[in-house]
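Residue numbers (our numbering), protein chains in the order written: chain Y, 987 to 1385; chain F, 987 to 1385. Here a beta-carbon is modelled for each residue, glycine too, at the ideal position from N, C-alpha and C.
Number of protein chains: 2
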Amino acid sequence: MNIIVFGGDGFCGWPTALHLSNVGHDVVIVDNFSRRNIDNELGCESLTPIQPMRTRLSAWKECSRRNIDFIKLDLAVDYYQLIGVLCDVRPDAVIHFAEQRSAPYSMKSSCQKRYTVNNNVNATNNLLSAVVESGLDIHVVHLGTMGVYGYGSAGIKIPEGYLKIKIDSESGEQLENEILYPVKPGSIYHMTKTQDQLMFSFYNTNDGIRVTDLHQGIVWGTQTNETTMDERLINRFDYDGDYGTVLNRFLMQAAMKYPLTVHGTGGQARAFIHIQDTVKCIELALRSPPAHNDRVKIYNQMTEVYKVRDLAKLISEKFDVPVDYITNPRKEAAENELSVDNRLFLSEGLSPITLEHGLLQEVAGIARRYMDRCDISRIPCTSLWVNREQNEGLEPSVS
Amino acid sequence: MNIIVFGGDGFCGWPTALHLSNVGHDVVIVDNFSRRNIDNELGCESLTPIQPMRTRLSAWKECSRRNIDFIKLDLAVDYYQLIGVLCDVRPDAVIHFAEQRSAPYSMKSSCQKRYTVNNNVNATNNLLSAVVESGLDIHVVHLGTMGVYGYGSAGIKIPEGYLKIKIDSESGEQLENEILYPVKPGSIYHMTKTQDQLMFSFYNTNDGIRVTDLHQGIVWGTQTNETTMDERLINRFDYDGDYGTVLNRFLMQAAMKYPLTVHGTGGQARAFIHIQDTVKCIELALRSPPAHNDRVKIYNQMTEVYKVRDLAKLISEKFDVPVDYITNPRKEAAENELSVDNRLFLSEGLSPITLEHGLLQEVAGIARRYMDRCDISRIPCTSLWVNREQNEGLEPSVS
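In structure tokens, the structure reads:
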């Protein structure tokens, strides 16, 4: 297949591009380096020494004898260049990672709120509009998030996209219907993903665009079979308070022998998936596109659910570091339960890597190995969901 | 109250600004003249001779002895100027009309699709973000549309925003819940209004912003008590295929003694409201803001439901013109039923103007009076929902 990976320089995009190239697809990466530019803005950098795109691609050619092309383009802005790229590459599928993906970053101030909405919504709309305009039959695969559901399932096993409901009609009769699972986004970032869903649904209904939307859990792990082939291929590892997910921050703290900082009670349940499983899932999603005239196909791309305090306990015990409970910067419930249906990927052959078995490798292979590059002061999350005054009234809880 | 009307130069915004000024509020109009600029783009103009803003405002001062201020600002772009305006005016409420509001225009080509998404989503997000940043307690009133529901209610009386549902839980027990009524937007324009809903919900939940969202039907009529006070205050009347709603196009055709062009079978039901009732509803919505900590308050701002063929029949008989059935440019069901709950406004004192009684005035007072300004060639809708080839396969239906 000819495949374009939008956002192919990022944490998920880069290993996905390599994996798809490795299994035989012809891959083109499109990126505007926004993630590296935000590192500059925040004064952070990946713990792992990621290389410039040119170095990455020549290393890949050396290792695999395979070529990946690169095009610098801003998906939210460069629409006519995008049309040119689609007509030139004539992709069978495009993978859309080209969105600002940090919830804390999206809540930092009005500047980041506005950037996240503008970038994410326009990127998705440009892509869909360009696919229509190109007249090509392109399968659009998008990285969504489990977070659109607001991390609460209250007695429901979260289905893969669609929820069966019953409604009382005017005549009193009970009607059955199936709807997109109702959303409850917890940040501006998550909100943009709920807006994406509406665009996928519209372009699917109006223009027959085939779309697969992957509602992903929190991705952990750094390396995949491909990124370990050469150190120049190494993937990003973010541990800062904005882009570092809760697990990466714990791993870094464990490696540095600092107490693990749990926001609030740690009572919140989150869905997780290893980066190696992410790239496998995308390969599987490409193999089973929705049929023409099918609705948007939605997978829950996650493999395990953990409460944050249990995750802290696991790491605390394995690496002998204490746990610190601190005030939660987010506005969210202190405790929640989460139950997720992920039968689609399991039925298509996914065999998950578990946190229990993969953590040691992460701490030893990444966090300890590169700990001299760590700026410990960057680990705490400094973005607040509401202003300081209001925040003091909040229940402490967990991210 | 201090009130800012965003989009106060437009078809709904202008009579709203005058009405609110007339009942004693201090009104500031903010607009970027995008509607007049789109007239230039399309080579159309209002049938009625609308005046430049400066003329409108001085005429209003002469008639009413009241002052309305005007600020030129692009809500989707000029964020820091917007913050300045909020801090300067310190409004108690803002009315948000500042969106591209034509469904056919939003489907014209990728250029108009992208403009509509970019303008509407960023305008709403900028407004909400600025209200948060200002720290002021501002009631946000937004003009939404009944069209978010896709014009089908299939046995359900469409409630005012929220739908009670039942879901089977994991344990088999039936759970009750209340959700935003599921959306089914029929155009890019309508899609942006569904995205707006998600932003209102998020900023309401996260930041406690008080929001009233008015899900409006198709507005008909041209004049209000205020716009008739002086001809220089006259409101827009759009009759072209993009901005002219179905009723205005019929009225124009009736005045010109041309056959009424019904798209498809005319079997689609639509909700309607007179512009005089629109401005009354906004006044009522301002009087009853949601309480602090309330969810978004949603009204169905409509007064009557008609099938398009019945509307054509009404006008055809009243004005003795024939009806022509032509292919529908939209992708939509040929027939639908529509039942809408609008008890909120009725209970707050709205006494609707009906189509049956108000139509004659429109044809005589507006369409016939200004018919020498009409370009009959602009009446047909030339925007297609899908490209020509695909369109030929569609069921003819109605707009």
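State the Cα-Cα distance for the pair Pro1035(Y) and Trp1000(Y), rounded to the nearest angstrom.
If you take the alpha carbons of Pro1035(Y) and Trp1000(Y), they lie about 14 angstroms apart.
Residues from the region 1120-1146 of chain F in contact with chain Y, defined by Cβ distance under 9 angstroms
Residues passing the 9 angstroms Cβ filter: Gly1121, Ser1139, Ala1140, Gly1141, Ile1142 and Lys1143.
Which residues mark the beginning and the end of the alpha helix (DSSP H) in which Gly1282(F) is found?
According to the sequence shown, residue 1282(F) is Val rather than Gly. Element bounds for Val1282(F): n/a, residue is neither H nor E.
Which residue wins for smallest C-alpha separation from Ala1045(Y), given the options Asp1310(Y), Glu1212(Y), Asn1279(Y) and Gly1194(Y)?
Here the closest residue by C-alpha is Glu1212(Y).
According to DSSP, what are the bridge partners of Asn988(Y)?
Within the DSSP bridge table, the entry for Asn988(Y) names Asp1012(Y) as partners.
Contiguous alpha helix (DSSP H) assignments of at least 4 residues, all confined to the region 1081-1114 of chain F
List check, alpha helix (DSSP H) in window: 1089-1092.
Proximity test, Cβ basis, 8 angstroms: Asn1286(Y) and chain F:
Interface criterion not met: the Cβ of Asn1286(Y) is under 8 angstroms from no Cβ in chain F.
Gln1254(Y): first and last residue of the uninterrupted alpha helix (DSSP H) it sits in:
Per DSSP, Gln1254(Y) lies in no alpha helix (DSSP H) segment and is marked neither H nor E.
Which residues in the same chain have their Cβ closer than 8 angstroms to the Cβ of Phe992(F), if we skip the five residues on either side of it in sequence?
Excluding residues within five positions, the ones whose Cβ falls inside 8 angstroms are Gly999, Val1016, Asp1017, Leu1061, Val1080, Ile1081, His1082, Phe1083, Ala1084, Ala1109 and Leu1113.
Give me the residue from Ser1092(Y), Asp1327(Y) and Tyr1167(Y) with the minimum Cα distance to Met1288(Y).
That would be Asp1327(Y), whose Cα lies nearest to the Cα of Met1288(Y).
I'd like to know whether the C-beta atoms of Gly1136(F) and Ser1155(Y) end up nearer to each other than 8 angstroms.
If you check the CB distance, Gly1136(F) and Ser1155(Y) do not come in under 8 angstroms.
For the structure I just gave you, are there three or more beta carbon pairs, one from the region 1176-1191 of chain F and one from the region 1213-1231 of chain F, closer than 8 angstroms?
The answer is no - the region 1213-1231 of chain F does not touch the region 1176-1191 of chain F, with fewer than three Cβ pairs under 8 angstroms.
Selection of the region 1144-1169 of chain Y by Cβ proximity to chain F, strictly under 9 angstroms:
Those would be Leu1149, Lys1150, Ile1151, Lys1152, Ile1153, Asp1154, Ser1155, Glu1156, Ser1157, Glu1159, Gln1160, Leu1161, Asn1163, Ile1165, Leu1166, Pro1168 and Val1169, in chain order.
Proximal chain Y residues relative to Lys1179(F), where beta-carbon distance stays under 9 angstroms
Within chain Y, no residue comes near Lys1179(F); the closest Cβ sits about 10 angstroms away, beyond 9 angstroms.
Contact with chain F by Gly1282(Y), beta-carbon distance below 8 angstroms:
Reading off the sequence shown, one finds Val at residue 1282(Y), where the question assumed Gly. No, Val1282(Y) lies away from the interface with chain F (no Cβ there is under 8 angstroms from its Cβ).
Counting contacts by CB-CB distance shorter than 8 angstroms, is Tyr1101(F) in contact with chain Y?
Taking CB atoms only, Tyr1101(F) has no neighbour in chain Y less than 8 angstroms away.
Is Ile1151(Y) closer than 8 angstroms to Pro1077(Y) when the C-beta atoms are compared?
No. Outside cutoff.
Find the residues of chain F that neighbour Phe1188(Y), judging by a C-beta separation of less than 8 angstroms, and give them in chain order.
Near Phe1188(Y) (Cβ distances below 8 angstroms), the residues of chain F are Pro1171, Ile1174 and Met1177.
What residues in its chain sit with their C-beta under 7 angstroms from that of Thr1368(Y), if we drop five residues either side in the sequence?
Answer for Thr1368(Y): Gly1227, listed in chain order.
Suppose contacts are defined by Cβ-Cβ distances below 8 angstroms. Is Ala1257(Y) in contact with Met1132(Y) by that definition?
Yes, the pair counts as a contact, with Cβ atoms nearer than the cut-off.
Which residue wins for smallest C-alpha separation from Ile1024(Y), given the options Gly1335(Y), Asp1182(Y) and Gln1098(Y)?
It is Gln1098(Y) whose Cα lies nearest to the Cα of Ile1024(Y).
Residues in its own chain within less than 7 angstroms of Ile1069(Y) by CB, not counting five upstream and five downstream?
The residues are Ala1116, Glu1119 and Ser1120.
Does Tyr1225(Y) get closer than 8 angstroms to chain F when you measure Cβ to Cβ?
Using a CB distance cut-off of 8 angstroms, Tyr1225(Y) does not count as an interface residue toward chain F.
Taking its Cβ as the centre, do 16 or more other Cβ atoms sit within 10 Å of Lys1243(F), making it buried, or is it exposed?
Result: exposed.
What does DSSP give as the partner residue(s) for Gly1130(Y) in the beta ladder?
Its beta-bridge partners are His1201(Y).
Should Thr1343(Y) go down as buried or exposed, given a rule of 16 or more other Cβ atoms within 10 Å for buried?
It should be pointed out that residue 1343(Y) corresponds to His in this sequence rather than to Thr. His1343(Y) is exposed by the Cβ-count criterion.
Secondary structure of Tyr1292(Y), DSSP reduced to three states
Strand.
Span of the alpha helix (DSSP H) around Glu1166(Y)
Checking the sequence shown, residue 1166(Y) turns out to be Leu, not Glu. Run containing Leu1166(Y): none in the alpha helix (DSSP H); it sits in the beta strand (DSSP E), Gln1160 to Leu1166.
Pick out whichever of Asp1296(F), His1201(F) and Val1291(F) has its Cα sitting closest to the Cα of Arg1087(F).
Among Asp1296(F), His1201(F) and Val1291(F), the Cα nearest to that of Arg1087(F) is on His1201(F).
Give me, in chain order, the residues of the same chain whose beta-carbon lies closer than 7 angstroms to that of Tyr1101(Y); leave out the 5 immediate sequence neighbours on both sides.
Gln1086, listed in sequence order.
Taking 8 angstroms as the CB-CB cut-off, is His1005(Y) touching chain F?
Not one chain F Cβ lies under 8 angstroms of His1005(Y).
Leaving out the 5 sequence neighbours to the left and right, which residues in its chain are closer than 7 angstroms to Phe1331(Y) when beta-carbon positions are compared?
Same-chain partners within the cutoff: Cys1267, Leu1270, Tyr1285 and Gln1287.
Does the beta carbon of Asn1328(Y) sit closer than 8 angstroms to a beta carbon anywhere in chain F?
Not a single CB atom of chain F sits nearer than 8 angstroms to the CB of Asn1328(Y).
Nearest CA to the CA of Asp1280(F): which residue from Leu1043(F), Val1197(F) and Gly1335(F)?
The residue from Leu1043(F), Val1197(F) and Gly1335(F) with its alpha-carbon nearest to that of Asp1280(F) is Val1197(F).
Buried or exposed by the 16-neighbour rule on C-beta atoms within 10 Å, applied to Lys1304(Y):
Exposed, because fewer than 16 other Cβ atoms sit within 10 Å of the Cβ of Lys1304(Y).
Inter-residue Cα distance where the pair is Val1107(F) and Thr1180(F):
Cα to Cα, the separation comes out at about 10 angstroms.
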